[in-house]
Amino acid sequence: MKKKIYSITILIVLLFAAGTSSAQQNDAIAPITVKGSAAAQLFVQGMAPFQVSSFGVGGKYFLADGFALRAGVSFNSRSYADSLSSTGFGINVGFESHCRPLYAISPYWGASIGFDHGKITDTTAGTIILASKKSGVNSQATNPVVSTTSSSGFGVSVLAGFDWFIFKNIALGSELSFGISTNSSSTTIGSTTVDNPASTYIGFSPMGSVHVLIYF
561 MKKKIYSITI LIVLLFAAGT SSAQQNDAIA PITVKGSAAA QLFVQGMAPF
611 QVSSFGVGGK YFLADGFALR AGVSFNSRSY ADSLSSTGFG INVGFESHCR
661 PLYAISPYWG ASIGFDHGKI TDTTAGTIIL ASKKSGVNSQ ATNPVVSTTS
711 SSGFGVSVLA GFDWFIFKNI ALGSELSFGI STNSSSTTIG STTVDNPAST
761 YIGFSPMGSV HVLIYF
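In this note's numbering, the protein residues as written are 561 to 776.
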């Protein structure tokens with residue numbers, strides 16, 4: 561995971577440097593927001609600091625000048641310790657309304673809805689004490705105890721961000737969102753499953769995102 565984070569960080573830095581040089585040599589670079597334009601997107605979420613929570617791919621299509629529909633799919637897989645790991649995925653759809661461009665930068669606002677599902681697996685060492693009737697001495701045996709927590713969430717949010725065109729068909733950008741989300745989960749240990757209390761969150765997303773767009 562660290563190698564992936566470093567690789568993406570280096571790629572963004574290189575694109576930033578190349579785009580700055582290109583923009584200085586060519587003032588004609590302008591944002592693409594016209595009807596019929598389409599772009600593929602690569603994004604990372606949770607840039608606090610350099611702790612990427614998920615990677616994703618998606619795209620956008622402009623139904624009208626300055627107005628685009630978008631969709632994306634995100635994935636994550638992390639190992640926190642020898643006994644703890646998590647996996648998950650998310651799906652989101654929404655729209656963007658682009659404002660008047662500022663040179664090669666296109667600011668926008670919009671809204672989105674999303675669904676996510678995840679699983680956390682915790683494997684710990686459980687100690688079982690065995691009593692011997694003959695000797696009267698207790699002995700210990702270690703068995704793995706696996707705890708699995710599955711969760712599902714749904715959210716609605718408003719968002720604001722920007723696309724900065726470093727080349728004619730390539731843009732870097734970032735965005736933040738504010739919204740409401742609900743989450744339900746259950747924990748399974750062995751053959752026993754317990755439903756956990758549902759939770760609701762209202763506020764700014766703790767996971768800002770950085771993205772790269774390629775127009776075609």
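For each residue, glycine too, the CB sits at the ideal point set by N, CA and C.
Since the model is a prediction, treat every value here as computed from it, not as a measurement.
Beta-bridge partners of residue i, as assigned by DSSP
| i | result |
| --- | --- |
| Phe722 | Pro667, Ser734 |
| Lys679 | Thr647, Ser710 |
| Gly763 | Gly739 |
| Phe615 | Val604, Phe635 |
| Tyr621 | Ala598, Leu629 |
Cutoff 6 Å; reference residue i; Cβ partners in own chain excluding five residues on either side
| i | result |
| --- | --- |
| Thr760 | Thr742 |
| Leu736 | Gly768 |
| Leu644 | Asp682 |
Alpha-carbon to alpha-carbon, residue j and residue i
| i | j | result |
| --- | --- | --- |
| Val633 | Phe722 | 20 Å |
| Pro661 | Leu602 | 22 Å |
| Phe714 | Asp682 | 24 Å |
| Asn729 | Arg630 | 17 Å |
| Ser710 | Ile589 | 47 Å |
| Ala628 | Ser734 | 16 Å |
| Val705 | Gly763 | 36 Å |
| Ile592 | Gly678 | 35 Å |
| Ser637 | Asn652 | 18 Å |
| Val594 | Phe635 | 30 Å |
| Val770 | Phe649 | 18 Å |
Buried or exposed (CB count within 10 angstroms, at least 16 for buried), residue i
| i | result |
| --- | --- |
| Asn756 | exposed |
| Leu623 | exposed |
| Phe776 | exposed |
| Val617 | exposed |
| Asp676 | buried |
| Tyr668 | buried |
Nearest-angstrom Cβ-Cβ length linking residue i and residue j, presumed shorter than 8 Å
| i | j | result |
| --- | --- | --- |
| Ile673 | Gly654 | 7 Å |
| Ala598 | Gly619 | 7 Å |
| His658 | Ser666 | 5 Å |
| Ser746 | Val754 | 6 Å |
| Thr748 | Thr684 | That pair is no contact at about 14 Å. |
Near the ligand FMN: residue i beta-carbon under 8 Å from a heavy atom
| i | result |
| --- | --- |
| Ser765 | What this structure holds is no ligand at all, so the ligand FMN is not there to describe. |
Sequence-distant residues of the same chain with beta carbon closer than 8 Å to residue i, five excluded per side
| i | result |
| --- | --- |
| Phe738 | Ser717, Val718, Leu719, Gly763, Phe764, Ser765 |
| Ile740 | Gly715, Val716, Ser717, Thr760, Tyr761, Ile762 |
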